[in-house]
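Residue numbers (our numbering): 20 to 578.
Down below is the structure, laid out as structure tokens.
Spelled out as structure tokens, the structure:
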């Protein structure tokens with residue numbers, strides 16, 4: 020059942036067995052898993068079904084944040100969360116999203132990631148992974164490419180140090196559409212839109228209520244047996260920093276860990292791959308987004324688990340995008356080109372969603388009209404694939420014109436305590452303190468990424484299939500973007516409260532009934548896009564909560 024929190028009586032109390040704060044991929048997975056379980060579940064979403072700029076502004080970082088090349092953070096406050104902002108395209112297909120799987124080595128203790136192991140292993144998530152795959156309509160075993168017949172479906176054999184892996188691409192709004200239909204008819208899950216959680220109230224170690232604001236001067240309180248904060252790393256930290264336990268600390272912050280160890284996936288240029296044979300271009304069609312059952316897939320190359328375990332490198336995924344013979348990497352976009360590109364993309368997305376473009380997007384696109392016109396002409400002459408667009412292998416004429424591959428890489432970032440989300444004195448429109456970010460890509464991490472690049476380059480050369488001209492002027496990385504908009508860490512799980520915010524069951528240390536869901540939990544970041552693991556962990560958490568909470572009661576025993 021859906022309702023508008025604006026219609027809830029001011030200063031009233033709403034009761035539930037479980038209250039989930041945030042209706043993005045984590046919150047929606049939780050709600051779907053708890054649907055029909057006999058528990059009274061309340062799902063709170065700060066936004067509506069459509070996008071409202073004023074709501075999005077509530078999740079913006081305070082001015083002056085430090086985030087590498089990032090100029091503006093991307094947080095969408097609406098039903099579906101940031102899933103509503105995904106925009107990966109394939110020919111004759113709905114907008115999709117890239118899914119990757121964390122590998123076994125990503126859960127292990129490594130000196131390169133601070134020797135901080137996850138408090139669980141990959142095998143502990145097998146059943147939850149199967150369930151999450153059902154929610155997204157992907158194959159649970161589809162992240163490992165299988166051999167296929169035909170020269171055009173070749174998988175590269177680059178030796179023991181480099182492995183083939185696969186991305187899967189479900190339709191971006193799969194979970195949002197499914198949840199909207201199922202929850203509208205649910206007898207036990209209620210969804211309140213326009214409900215902004217501003218702070219949690221405690222009695223001892225127990226959350227006894229959440230304060231909800233719908234607009235200035237109007238709000239109500241939620242009482243529940245269990246609370247789950249599933250609002251994304253920035254908004255989750257914002258809520259916890261605004262809350263106080265009787266000891267005076269924010270929940271999970273008795274050891275000053277809340278907000279720390281924030282990570283992302285920097286995108287870097289990996290150079291140009293020159294095949295030794297022109298026929299190789301047509302043979303590597305599986306390295307494009309290709310139709311598969313039940314979801315399209317794309318093979319990519321990564322530093323193998325065995326090589327990562329040897330040390331000296333961080334995880335790295337290499338994706339191949341074919342280019343014409345005249346291709347040269349153009350480097351980082353200047354401010355005008357960046358704004359024009361982002362503006363044009365935003366306009367297209369809004370028109371496809373039958374919405375009027377925003378004035379700022381129109382202004383930015385018009386300011387770069389000459390750049391966009393040149394872009395359109397070039398793409399008409401030669402179809403262009405990228406991190407946001409696939410389908411090159413379906414154009415036979417274009418395949419014959421390609422001669423090299425651009426290599427684009429997603430890098431793992433090690434967790435560092437100094438990379439952190441912090442409370443700020445700056446206020447949002449509801450009078451709540453914003454958070455800010457102090458993030459750096461440490462030189463030591465960059466050197467381990469370069470070492471991983473060199474592993475890949477050496478493997479290509481040794482295989483005899485060609486060579487890679489690397490992209491490291493003066494021995495430094497060429498950064499495409501500091502961020503893939505993957506907000507990881509800040510609420511990391513672990514065994515030791517001195518270095519983590521939650522335990523292995525996602526319960527905030529020092530509390531009885533407060534939990535976290537989302538990528539903020541991740542102790543390490545891998546190179547993998549986080550959404551699939553977000554849903555996997557949410558499935559696991561839903562099972563844990565279902566065993567703890569007695570149906571139709573607000574009181575339950577301590578976890």
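All C-beta atoms, glycine included, are put in the ideal place defined by N, C-alpha and C.
Check whether the Cβ atoms of residue i and residue j lie closer than 7 Å to each other.
i, j, result
"residue 280", "residue 434", "yes"
"residue 46", "residue 249", "yes"
"residue 208", "residue 32", "no"
"residue 287", "residue 496", "yes"
"residue 338", "residue 427", "yes"
"residue 518", "residue 535", "no"
"residue 549", "residue 489", "no"
"residue 102", "residue 126", "no"
"residue 245", "residue 527", "no"
"residue 423", "residue 486", "no"
"residue 273", "residue 262", "no"
"residue 475", "residue 404", "no"
"residue 439", "residue 464", "no"
"residue 409", "residue 300", "no"
"residue 67", "residue 212", "yes"
"residue 327", "residue 124", "yes"
"residue 38", "residue 243", "yes"
"residue 227", "residue 220", "yes"
"residue 247", "residue 229", "no"
"residue 24", "residue 98", "no"
"residue 560", "residue 525", "yes"
Roughly how many angstroms separate the alpha carbons of residue i and residue j, rounded to a whole number?
i, j, result
"residue 491", "residue 291", "11 Å"
"residue 115", "residue 143", "28 Å"
"residue 461", "residue 366", "35 Å"
"residue 512", "residue 346", "44 Å"
"residue 85", "residue 277", "18 Å"
"residue 30", "residue 255", "23 Å"
"residue 444", "residue 454", "8 Å"
"residue 284", "residue 188", "18 Å"
"residue 22", "residue 271", "31 Å"
"residue 62", "residue 82", "30 Å"
"residue 258", "residue 217", "6 Å"
"residue 109", "residue 471", "29 Å"
"residue 350", "residue 500", "Unreliable positioning characterises residue 350 in this predicted model, as indicated by a pLDDT of 48, which lies under 50. A coordinate reading is not provided."
"residue 239", "residue 554", "29 Å"
"residue 547", "residue 119", "5 Å"
"residue 183", "residue 164", "7 Å"
"residue 466", "residue 76", "36 Å"
"residue 58", "residue 35", "8 Å"
"residue 225", "residue 112", "48 Å"
"residue 91", "residue 78", "11 Å"
"residue 173", "residue 473", "23 Å"
"residue 551", "residue 406", "18 Å"
"residue 432", "residue 71", "33 Å"
"residue 425", "residue 480", "16 Å"
"residue 121", "residue 136", "13 Å"
"residue 562", "residue 388", "52 Å"
"residue 28", "residue 237", "9 Å"
"residue 386", "residue 483", "46 Å"
"residue 446", "residue 452", "5 Å"
Which residue or residues does DSSP assign as beta-bridge partners of residue i?
i, result
"residue 126", "According to DSSP, which records beta bridges pairwise, residue 126 is partnered with nothing at all."
"residue 38", "61, 246"
"residue 231", "216, 239"
"residue 408", "108, 405"
"residue 274", "Residue 274 is not bridged to any residue."
"residue 208", "60"
"residue 321", "182, 336"
"residue 86", "458"
"residue 327", "Residue 327 pairs with nothing; no bridge assigned."
"residue 482", "According to DSSP, residue 482 bridges with nothing at all."
"residue 488", "291"
For residue i, verify whether its CB is less than 6 Å away from any heavy atom of the ligand HEM.
i, result
"residue 73", "Among the components of this structure there are no ligands whatsoever, and the ligand HEM is therefore not found."
Does any residue of chain C have a CB that is nearer than 7 Å to the CB of residue i?
i, result
"residue 465", "Protein chains in the displayed structure number just one, and chain C is not present."
So within the segment 111-188, which uninterrupted alpha helix (DSSP H) runs reach at least 4 residues, ignoring any that extend past its ends?
145-155
Would the segment 303-311 count as touching the segment 409-424 if we require 3 or more Cβ pairs under 8 Å?
yes
Measuring CB atoms only, is the segment 529-548 touching the segment 322-338, in the sense that at least three cross pairs come out at less than 8 Å?
yes
Any contact between the segment 184-203 and the segment 36-55? By contact I mean 3 or more CB pairs, one from each, below 8 Å.
yes
Under 8 Å, with one C-beta from each stretch per pair, do the segment 148-159 and the segment 308-328 reach the 3-pair mark?
yes
In chain order, which beta strand (DSSP E) runs of at least 3 residues are fully inside the segment 435-461?
439-446, 452-458
List, from N- to C-terminal side, the beta strand (DSSP E) runs of 3 residues or more that fit wholly inside the segment 511-537.
533-535
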